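Asks: Note that the working numbering numbers the sequence shown so that position 174 is 198, with each residue one more than the last.
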Amino acid sequence: MLTVKQIIKQNNEKRKLLTTENEKYYADLLLYTRMKFFKNERVTEEVLLSLLDQLLEAQQEGKSAEELFGRSSKQLADQVIQSLPKESGKSIAEFGLEIIFTLFGWFLILWGIWPAVKKEDPTIQLGSLAVSAVLLIASLLLLVYVVIKIVRNSTISDKKKKELSTRFFGTLVVVLFAAGFLINFFMEPFGPEMTISYYTPFGLGCFLLLASYILKKYREVK
Numbered sequence: 025m026l027t028v029k030q031i032i033k034q035n036n037e038k039r040k041l042l043t044t045e046n047e048k049y050y051a052d053l054l055l056y057t058r059m060k061f062f063k064n065e066r067v068t069e070e071v072l073l074s075l076l077d078q079l080l081e082a083q084q085e086g087k088s089a090e091e092l093f094g095r096s097s098k099q100l101a102d103q104v105i106q107s108l109p110k111e112s113g114k115s116i117a118e119f120g121l122e123i124i125f126t127l128f129g130w131f132l133i134l135w136g137i138w139p140a141v142k143k144e145d146p147t148i149q150l151g152s153l154a155v156s157a158v159l160l161i162a163s164l165l166l167l168v169y170v171v172i173k174i175v176r177n178s179t180i181s182d183k184k185k186k187e188l189s190t191r192f193f194g195t196l197v198v199v200l201f202a203a204g205f206l207i208n209f210f211m212e213p214f215g216p217e218m219t220i221s222y223y224t225p226f227g228l229g230c231f232l233l234l235a236s237y238i239l240k241k242y243r244e245v246k
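Rendered as structure tokens:
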């Protein structure tokens with residue numbers, strides 16, 4: 025049985041055989057469908073590959089994607105999504121942990137570089153740390169919302185609107201992430217104090233990134 029990663033690779037190879045018009049249609053279909061979270065990833069990729077095979081056969085007969093499927097790419101994607109089974113709670117939790125580990129891993133590495141270089145044990149305030157965590161999580165949730173909103177609710181042809189939305193929300197995500205990182209340097213610290221070893225933040229960040237990588241590889245071989 026092929027893994028999800030192998031199915032995606034096969035899909036990418038076969039897409040090269042599409043005409044420009046059919047590739048545009050299929051790319052939109054693929055993007056809309058994949059952006060629907062909490063649907064079974066394996067079944068999603070298998071259905072997308074099956075549709076691609078149908079399109080390639082029709083293309084050899086001189087048919088376009090719209091002639092074959094009889095509707096727009098978004099309409100077809102909505103129909104496909106309705107037929108897809110939901111992802112298991114375990115898989116959703118694994119994906120969520122992968123994202124959280126990656127986010128906090130890089131945060132801890134960036135925050136821990138200076139203490140590691142100076143070899144000084146940093147003192148952290150739990151109140152400030154909690155605010156940083158909230159801002160980071162907020163930036164992550166906003167980023168997910170933005171991606172879904174832009175892809176699902178903006179028409180592919182409305183490039184100007186999509187570009188403005190992407191810039192606005194992208195800037196907001198960066199500001200929230202930066203605020204979560206910089207709050208420890210520019211805001212008066214508050215909350216109970218705790219002194220930790222200078223290598224702890226950097227080491228913990230590396231550990232979280234490694235855990236994220238392992239989770240990613242584990243999901244890919246399913």
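Every residue, glycine too, gets a C-beta built ideally from N, C-alpha and C.
As the structure is a computational prediction, the values presented were derived from the model and not from experiment.
At what residue ranges does the stretch 32 to 96 contain a whole run of the beta strand (DSSP E), taking only runs of 3 or more?
Replies: The stretch 32 to 96 contains no whole beta strand (DSSP E) run of 3 or more residues.
Asks: Per DSSP, residue 147 is paired with what?
Replies: Position 123 of the sequence shown, counted from the start, is the residue given in the question as residue 147. Answer is 219, bridged to residue 147.
Asks: Please state whether the Cβ-Cβ distance between residue 64 and residue 110 is less than 8 angstroms.
Replies: Residue 64 sits at position 40 when you count from the first residue of the sequence shown. Residue 110 sits at position 86 when you count from the first residue of the sequence shown. Going by C-beta atoms, residue 64 is nearer than 8 angstroms to residue 110.
Asks: Should residue 65 be listed as close to the ligand COA, given that the test is whether its C-beta is under 7 angstroms from any heavy atom?
Replies: Because no ligand of any kind appears in the structure shown, any question about the ligand COA cannot be addressed here.
Asks: List, from N- to C-terminal side, the beta strand (DSSP E) runs of 3 residues or more that fit wholly inside the stretch 113 to 158.
Replies: The stretch 113 to 158 contains these whole beta strand (DSSP E) runs: 147 to 149.
Asks: Identify, in the order they occur along the chain, each residue of the same chain with its Cβ nearer than 8 angstroms to the Cβ of residue 215, setting aside the five sequence neighbours on each side.
Replies: Position 191 of the sequence shown holds residue 215. The answer, listed in chain order, is 149, 150, 151, 152, 153 and 154.
Asks: Taking 8 angstroms as the limit between beta carbons, can you name the residues of its chain near residue 67, skipping five residues before and five after?
Replies: Along the sequence shown, read from residue 1 onward, the residue named residue 67 stands at position 43. Closer than 8 angstroms at Cβ, skipping near neighbours: 108 and 109.
Asks: What number of angstroms, rounded off, separates the C-alpha of residue 3 from the C-alpha of residue 118?
Replies: A query on residue 3 cannot be resolved here, the shown segment of the chain reaching from 25 to 246 and no further.
Asks: Given a threshold of 16 other Cβ atoms within 10 Å of its Cβ, counted over all protein chains shown, does residue 145 qualify as buried or as exposed?
Replies: If you number the sequence shown from 1, residue 145 lands on position 121. That one is exposed.
Asks: Give the single residue among 212, 125, 223 and 83 whose Cα lies nearest to the Cα of residue 141.
Replies: Reading the sequence shown from its first residue, position 117 is the one you call residue 141. Ranking 212, 125, 223 and 83 by Cα distance to residue 141 puts 223 first.
Asks: In angstroms, rounded to a whole number, what distance separates the CA positions of residue 54 and residue 103?
Replies: As a working note, residue 54 is residue 30 in the sequence shown. As a working note, residue 103 is residue 79 in the sequence shown. Computed Cα separation, rounded: 13 angstroms.
Asks: Could you give the residue range of the alpha helix (DSSP H) that holds residue 225?
Replies: In the sequence shown, counting from the first residue as 1, residue 225 sits at position 201. Its alpha helix (DSSP H) spans residues 224 to 244.
Asks: Tell whether a beta-carbon distance below 8 angstroms holds between residue 56 and residue 98.
Replies: Taking the first residue of the sequence shown as 1, we reach residue 56 at position 32. Taking the first residue of the sequence shown as 1, we reach residue 98 at position 74. Going by C-beta atoms, residue 56 is nearer than 8 angstroms to residue 98.
Asks: Of the residues 60, 76, 105 and 121, which one's Cα is nearest the Cα of residue 48?
Replies: Taking the sequence shown and counting its residues from 1, one reaches residue 48 at position 24. Nearest option by C-alpha distance: 76.
Asks: Can you give the Cα-Cα distance for residue 163 and residue 84, rounded to whole angstroms?
Replies: Residue numbering aside, residue 163 sits at position 139 when the sequence shown is read from its first letter. Residue numbering aside, residue 84 sits at position 60 when the sequence shown is read from its first letter. Straight-line Cα distance between these residues: approximately 46 angstroms.
Asks: Could you round the C-beta distance between residue 50 and residue 79 to whole angstroms and report it? I think they count as a contact, below 8 angstroms.
Replies: In the sequence shown, the residue the question calls residue 50 occupies position 26. In the sequence shown, the residue the question calls residue 79 occupies position 55. Right, their Cβ atoms sit about 6 angstroms apart.
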